[in-house]
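Below is one structure; the comments refer to it alone.
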């Protein structure tokens, strides 16, 4: 996989903001041809134990993550990682980075988890816990197709004049973002 110099610089800048802490155990086989470093080969497998990961300050932090990760020169394959994201439990599974990869994120988010990640005025009105399912499709280059689904059941929103939502009420939420 060959990237232009500009793409490499963007990736390096993004990685400079990535934060990871915890325990990773595994094997890394790295082959870098001196005369042609673009033909570098990577084969790695890691087990994560109580690991925290944040891709950038614009992304929520996955905390207390446990699971298996495989890495090669083209992408990252998450066999199954369980952790805490947006205040609730989450399971991640799938590929990251290569065109055609799909990362599935299923879990629960909390009102407090939303407030911790997005300190927006008015989020104090959101309370409770709701299930969600997210699919992140990697379209190639830096393009992503992100789909989020939730019934918002378990989450209440305290708004005036009957515009709120009770925790028992189902209110389908569907978000699609292509970026």
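Numbering (the numbering used here), first residue to last: 30 to 208. Heads up, the beta-carbon is just placed ideally off N, CA and C, and yes, glycines get one too. Since the model is a prediction, treat every value here as computed from it, not as a measurement.
(message) If contact is defined by three or more beta carbon pairs under 8 Å, each pair taking one atom from either stretch, is the stretch 84 to 91 in contact with the stretch 58 to 69?
(response) no
(request) Please look up how many angstroms separate the CB atoms of residue 167 and residue 129, rounded, as I've assumed it's under 8 Å. (result) 7 Å
(request) Return helix, strand or coil for residue 140, following the three-state DSSP convention. (result) helix
(request) Using a Cβ cut-off of 7 Å (strictly closer), state whether residue 131 contacts chain C. (result) Going by chain labels, chain C is absent from the structure shown, which holds only one protein chain.
(request) Under 6 Å Cβ to Cβ from residue 127, same chain only, skipping five residues before and after it: list those, please. (result) 103, 104
(request) Note down, in chain order, each residue of its chain lying with its Cβ closer than 7 Å to the Cβ of residue 34, except the 5 sequence neighbours on either side. (result) Because the pLDDT of residue 34 is 40, which lies under 50, any placement of that residue in the model is unreliable, and the number read from its coordinates should be weighed accordingly. For residue 34, where only same-chain residues beyond five positions count, there are no Cβ hits under 7 Å.
(message) Taking only three categories from DSSP, how would you classify residue 67?
(response) helix
(message) Can you give me the C-alpha to C-alpha distance between residue 183 and residue 122, rounded to a whole angstrom?
(response) Their Cα atoms are separated by approximately 24 Å.
(request) Determine the DSSP secondary structure at residue 166, reduced to helix, strand or coil. (result) Residue 166 falls in the strand class under three-state DSSP.
(message) Taking a contact to mean a Cβ-Cβ separation below 7 Å, would you say residue 165 touches residue 177 in this structure?
(response) No; because the gap between Cβ atoms is not below 7 Å, this pair is not in contact.
(request) For the beta strand (DSSP E) holding residue 56, just list the boundary residues, first then last. (result) 48 to 60
(request) Select from 93, 133, 108, 124 the residue whose C-alpha is nearest the C-alpha of residue 114. (result) 93
(request) Within its chain, find whatever has a CB closer than 7 Å to the CB of residue 155; leave out the 5 residues flanking it on each side and keep chain order. (result) Correct list, in chain order: 140, 143, 184, 186.
(message) Just to confirm, is the Cβ distance from residue 180 to residue 199 under 7 Å?
(response) yes
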